[in-house]
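Note sheet for the following structure.
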Amino acid sequence: MKLDPFYLIVDSTEWIARLVPLGVKLVQLRIKDKETAELRTEIRTAKAICAKHGCQLIVNDYWQLAIEQGCDFVHLGQEDLEAADLGAIRAAGLKLGLSTHDDAELETALAAKPDYIALGPIYPTILKQMKWSPQGPERLRLWKSRVGDLPLVAIGGLNVDRIEGVFSQGADSAAVVTDITLNPDPETRTRQWLAATAPWRSVEMPLGR
Numbered sequence: 001m002k003l004d005p006f007y008l009i010v011d012s013t014e015w016i017a018r019l020v021p022l023g024v025k026l027v028q029l030r031i032k033d034k035e036t037a038e039l040r041t042e043i044r045t046a047k048a049i050c051a052k053h054g055c056q057l058i059v060n061d062y063w064q065l066a067i068e069q070g071c072d073f074v075h076l077g078q079e080d081l082e083a084a085d086l087g088a089i090r091a092a093g094l095k096l097g098l099s100t101h102d103d104a105e106l107e108t109a110l111a112a113k114p115d116y117i118a119l120g121p122i123y124p125t126i127l128k129q130m131k132w133s134p135q136g137p138e139r140l141r142l143w144k145s146r147v148g149d150l151p152l153v154a155i156g157g158l159n160v161d162r163i164e165g166v167f168s169q170g171a172d173s174a175a176v177v178t179d180i181t182l183n184p185d186p187e188t189r190t191r192q193w194l195a196a197t198a199p200w201r202s203v204e205m206p207l208g209r
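So that you can map any letter, position 135 of the sequence shown is 135 in full-length UniProt numbering, and since no number is skipped, the others follow by simple counting.
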C-alpha cells in the first residue's frame, strides 16, 4: 500500500469541503468533543466529498462510526487502540493507521499489524500538549528500518520548508495540521504543499471500496 505524500488533517467537514477540491488525495477527519449524531453527519458528509474528488478519507478515533458508515480507513492513538476491537475493524475491511511516540508504542503498534504507522512529533508543535520531546527527522530513519514496508507518516511541526528533510530520512507521507489551518491563506498553502510533495507522488493510493 502507498500513502499519498501529502497527508492533511482537519477537524471539520467545512475544511474538507474547502481544501479537498484543490487536489488533496489523503485527509484525516479528526474531531473532538461532539455528540454521536453530529459525528455521524460529519463523517457521512466528509465521505461524500472525498468520494467526489478521489480523496482517501481517514477517520480518527471513531472506529465504530467508521464501520457503520462504510469508510475505508481509521486512525487510532495508543489509548484508543487499547479500547478498540481490532477484530471488528478488520472484519469490516478497514485499513488501520496508528500513532507512535516512543519505542514501547512502536512495539505495541507493530503487534496490532497496522497498515501504516505515524511518528511524532518530529518538530515542536502547537497543536496539543505532549509529554514527548520533538523526535527530530533523524529518528524517522530508525523507525523506517523497523517498520519495513509499512508506510511511515511524519507528523508534528511540519511546514513546506521541512518536507524534503523528512522524506530524505525515510518518511513516506508528511502530515500537516496547523501550517495550513492557521495560515492566513489556507488555499494557497495547500497548493504549496501539493506542489512541494509532487516529486514523491509517483503512484496514487488505491481508494478501496
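Note that beta-carbon positions come from the ideal geometry of N, C-alpha and C, so glycine has one too. Predicted model, so just to flag it, every value in this text is computed and none were measured.
Close Cβ partners of residue i (< 7 Å) along its chain, the five nearest in sequence each way excluded
i, result
"Thr190", "Leu19, Leu22, Val24 and Ile180"
"Val203", "Legend: pLDDT at Val203 = 46, less than 50; position of this residue unreliable, value from coordinates given subsequently. Only Lys2 meet the Cβ criterion."
"Ala46", "Thr13, Ile16, Leu29 and Leu57"
Among the options, the one whose alpha carbon lies nearest that of residue i
i, options, result
"Glu138", "Gly148, Leu119, Leu150 and Thr125", "Leu119"
"Trp200", "Leu152, Ser173 and Thr178", "Ser173"
"Pro124", "Ala84, Val177, Phe167 and Gln192", "Val177"
"Pro121", "Ala175, Glu42 and Val59", "Ala175"
"Arg141", "Asp103, Ile89 and Ser168", "Ser168"
"Ala104", "Gly148, Ile9, Trp143 and Lys95", "Trp143"
"residue 211", "Asp85, Gly156, Gly148 and Gln69", "Outside the modelled stretch of the chain, which goes from 1 to 209, sits residue 211, for which no answer is possible."
"Ile117", "Gly77, Leu158 and Ile89", "Gly77"
Cβ shell of residue i (< 6 Å), same chain only, five flanking positions each side left out
i, result
"Gln64", "none"
"Ser12", "none"
"Gly165", "Pro137"
"Ala171", "Leu140, Leu152 and Ala154"
"Asn159", "Asp179"
Same chain, Cβ closer than 8 Å to residue i, five either side skipped, listed in chain order
i, result
"Leu81", "Leu98, Thr108, Ala109 and Ala112"
"Glu42", "Ser12, Thr13, Leu29, Ile31 and Lys34"
"Leu194", "Phe6, Leu22, Gly23 and Val24"
Any non-hydrogen atom of the ligand MG closer than 7 Å to residue i Cβ
i, result
"Glu164", "The model on display carries no ligand, and the ligand MG is accordingly not part of it."
Enclosing beta strand (DSSP E) for residue i [first to last residue]
i, result
"Gln192", "First-last for Gln192: Pro186 to Thr197, but that is the alpha helix (DSSP H), not the beta strand (DSSP E)."
"Ala171", "Taken as a continuous stretch (DSSP letters only), Ala171 belongs to no beta strand (DSSP E), as it is neither H nor E."
"Leu8", "Phe6 to Val10"
Would you be able to state if there are at least three C-beta pairs under 8 Å between the stretch 73-83 and the stretch 45-54? no
Check whether the stretch 36-43 touches the stretch 149-159, taking contact to mean three or more Cβ pairs, one atom from each stretch, closer than 8 Å. no
Could you tell me which whole beta strand (DSSP E) segments of length 3 or greater appear in the stretch 101-168? 116-119 and 152-155
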